[in-house]
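Undergrad: Each position in the sequence shown, counted from 1, maps to that position plus 1 in the numbering used here. Using N, Cα and C, we set each Cβ at its ideal position, and we do this for glycine too. One structure, as structure tokens, below. Some questions next.
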Amino acid sequence: MPVPYEISEAIRHKKAQYCRFADSNQWHLFDGIALPDATFKFFDKEGALVKQGDTEMTFDDLAAFQAHFSKTNAHIDAVHMVNAGELDMVAEDEVKAIFTVVYHGGALDTEDGLHSTGAGHYHEVWKKVGDDWFLKSLWMKRIYWKVQVIA
Numbered sequence: 002m003p004v005p006y007e008i009s010e011a012i013r014h015k016k017a018q019y020c021r022f023a024d025s026n027q028w029h030l031f032d033g034i035a036l037p038d039a040t041f042k043f044f045d046k047e048g049a050l051v052k053q054g055d056t057e058m059t060f061d062d063l064a065a066f067q068a069h070f071s072k073t074n075a076h077i078d079a080v081h082m083v084n085a086g087e088l089d090m091v092a093e094d095e096v097k098a099i100f101t102v103v104y105h106g107g108a109l110d111t112e113d114g115l116h117s118t119g120a121g122h123y124h125e126v127w128k129k130v131g132d133d134w135f136l137k138s139l140w141m142k143r144i145y146w147k148v149q150v151i152a
């Protein structure tokens, strides 16, 4: 079902904030974007959970998501870019969205070191709480991933 303009723009605005807050390591600001019980899961193109070291990229709530990325992304520069998304209203208080994402990461404050580029799709559920919209669940399928070391 089509999504009313005001709702689409509210969700797109928060998705833009998601990217900016992630890029600037302001993970505490995700409280204004996602519900406390929001879930986050990140898969590779074969459907396996992505791992960072020994940690599988699945988080059962917002606090776990914030804690992980506050620590692991503290020493990188990053930028995330998303498209306008495909939004579908499935209930008066629920919208499903798919956003294409491209992201880059590299060593903080230097041109040397590790550089990564990834791309894929965020599959999300947004819920209306009061007069506002919040991320309820996100799973990402990474379809492109390249890492290089720059010396």
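In whole angstroms, what separates the C-alpha of K128 from that of L139?
TA: If you number the sequence shown from 1, residue 128 lands on position 127. If you number the sequence shown from 1, residue 139 lands on position 138. Answer to the nearest angstrom: the Cα atoms are 12 Å apart.
Undergrad: For D89, which residues from the same chain have a beta carbon less than 6 Å from its beta carbon, with the 5 sequence-adjacent residues on both sides left out?
TA: As a position in the sequence shown, residue 89 is number 88, starting the count at 1. Closer than 6 Å at Cβ, skipping near neighbours: K97.
Undergrad: Please return the same chain residues whose Cβ sits closer than 7 Å to the Cβ of H81, not counting the five positions on each side in sequence.
TA: As a first step, residue 81 must be located in the sequence shown, where it is residue number 80. Closer than 7 Å at the Cβ level, and outside the excluded window around H81, lie C20, A23, D24, V102 and Y104.
Undergrad: Measure the Cβ-Cβ separation of V83 and F100 and say whether it is below 8 Å.
TA: Taking the first residue of the sequence shown as position 1, residue 83 is located at position 82. Taking the first residue of the sequence shown as position 1, residue 100 is located at position 99. Taking 8 Å as the Cβ cut-off, V83 and F100 qualify as a contacting pair.
Undergrad: Considering only C-alpha positions, which residue in the set T111, K46 and L115 is nearest to M141?
TA: Numbered from its first residue, the sequence shown carries residue 141 at position 140. Selected option, being the one with the closest Cα: K46.
Undergrad: How many angstroms separate the CA atom of L36 from the CA atom of L63?
TA: As a first step, residue 36 is located in the sequence shown; it is residue number 35 there, counting from the start. As a first step, residue 63 is located in the sequence shown; it is residue number 62 there, counting from the start. Using only the alpha carbons, I get a separation of about 7 Å.
Undergrad: In three-state DSSP terms, what is K46?
TA: One-based indexing of the sequence shown puts residue 46 at position 45. Of the three classes helix, strand and coil, the one that applies to K46 here is coil, per DSSP.
Undergrad: Quick one: residues in its chain with C-beta nearer than 8 Å to the C-beta of M2, no 5 flanking neighbours on either side, listed in chain order?
TA: Taking the sequence shown and counting its residues from 1, one reaches residue 2 at position 1. Closer than 8 Å at Cβ, skipping near neighbours: D89, M90 and V91.
Undergrad: Relative to the C-alpha of Q27, which residue among D132, A120, D78 and D113 is closest?
TA: Position 26 of the sequence shown, counting from 1, holds the residue named residue 27. Here the closest residue by C-alpha is D78.
Undergrad: Among residues of its own chain, excluding the 5 on either side of F66, which ones have a beta-carbon nearer than 6 Å to its beta-carbon?
TA: Along the sequence shown, read from residue 1 onward, the residue named residue 66 stands at position 65. Closer than 6 Å at Cβ, skipping near neighbours: F41 and F60.
Undergrad: Measuring only the C-alpha atoms, how far is A106 from I8?
TA: Along the sequence shown, one-based indexing puts residue 106 at 105. Along the sequence shown, one-based indexing puts residue 8 at 7. It is worth fixing the name first, because residue 106 is Gly in this sequence and not Ala. Taking the straight line from one Cα to the other gives about 31 Å.
Undergrad: Quick one: residues in its chain with C-beta nearer than 7 Å to the C-beta of D38, no 5 flanking neighbours on either side, listed in chain order?
TA: Start at 1 with the first residue of the sequence shown, and residue 38 comes out as number 37. These residues qualify, in order along the chain: D62.
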